[in-house]
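According to my numbering, the sequence shown is numbered sequentially starting from 105.
Every residue, glycine too, gets a C-beta built ideally from N, C-alpha and C.
Everything below concerns the one structure shown next.
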Amino acid sequence: QVQLAESGGGLVQPGGSLRLSCATSGFIFSLYEMGWYRQAPGKQRDLVAQITSGSSTNYADSVKGRFTISRDNAKNTVYLQMGSLKPEDTAVYYCAARRGSYHFWGQGTQVTVSS
């Protein structure tokens, strides 16, 4: 079955860095567009970054220059390197895989930016 498992979240001080990982199985990873989304309490889930099967990337304006998405097709894993973190980056971060009508989600990992 399809599985997406996020890891790497936690508590970090403002200005700090974290690297999120999403290990996947159950589908042909290299064919899927992968994305990171986040949802803060009381807010909608928003796209943070996405990477196509050809490794083209797209970022939300709020994270451009601070976050980097990457993928390792040999490990079926997508990463989100987050730097210069701000309190407003606090959210549950979700990994997603999409191809055509197929859209899979992970369970999420909490990122809290606080001093």
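- Query: CB-CB under 6 Å to Q116, same chain, minus the five flanking residues each way: which ones, in chain order?
  - Reply: Locating residue 116 in the sequence shown gives position 12, where the first residue counts as 1. Residue 116 is actually Val in this sequence, not Gln. L122, L189, V217, listed in sequence order.
- Item | Spatially closest choice to Y198 from V106, Q105, R170, A153, by CA coordinates | Along the sequence shown, one-based indexing puts residue 198 at 94. Checked all of V106, Q105, R170, A153; the closest Cα to Y198 is A153.
- Item | Beta-carbon spacing of A201, V106 below 9 Å | Within the sequence shown, numbered from 1, the residue matching residue 201 stands at position 97. Within the sequence shown, numbered from 1, the residue matching residue 106 stands at position 2. Going by C-beta atoms, A201 is nearer than 9 Å to V106.
- Message: When you compare the CB positions of K147 and A178, do they come within less than 9 Å of one another, or not?
- Response: Within the sequence shown, the letter at position 43 stands for residue 147. Within the sequence shown, the letter at position 74 stands for residue 178. It is not a contact, given that the beta carbons lie outside the stated cut-off.
- C-beta atoms of M138 and R170 nearer than 9 Å: Counted from its first residue, the sequence shown places residue 138 at position 34. Counted from its first residue, the sequence shown places residue 170 at position 66. Their beta carbons are not under 9 Å apart, which means M138 does not touch R170 by this criterion.
- Query: Going by the beta-carbon positions, is the gap between Q211 and L108 smaller than 9 Å?
  - Reply: Walking along the sequence shown from the start, residue 211 turns up at place 107. Walking along the sequence shown from the start, residue 108 turns up at place 4. Yes; because the gap between Cβ atoms is below 9 Å, this pair is in contact.
- Item | Integer Cβ distance of A144 from N180, believed to fall under 8 Å | Counted from its first residue, the sequence shown places residue 144 at position 40. Counted from its first residue, the sequence shown places residue 180 at position 76. Their Cβ separation, rounded to whole angstroms, is 28 Å, which puts A144 and N180 out of contact at 8 Å.
- Assuming S111 and L135 form a contact by the criterion Cβ under 8 Å, report the distance between their Cβ atoms to the nearest whole angstrom. Mapped onto the sequence shown, residue 111 falls at position 7. Mapped onto the sequence shown, residue 135 falls at position 31. Not confirmed; about 23 Å, so no contact.
- Item | Same chain, Cβ closer than 8 Å to R149, neighbours up to 5 away in sequence not counted | Residue mapping note: residue 149 aligns to position 45 of the sequence shown, counting from 1. Y141, R142, Q143, Y198.
- Local conformation of L151 per DSSP, three classes: For the purposes of this step, residue 151 is identified with residue 47 of the sequence shown, where counting begins at 1. Strand at L151.
- Message: Whole angstroms are fine: how far does the CA of G204 sit from the CA of L184?
- Response: Position 80 of the sequence shown, counted from the first residue, corresponds to residue 184. Position 100 of the sequence shown, counted from the first residue, corresponds to residue 204. Each residue's Cα considered, the two are about 23 Å apart.
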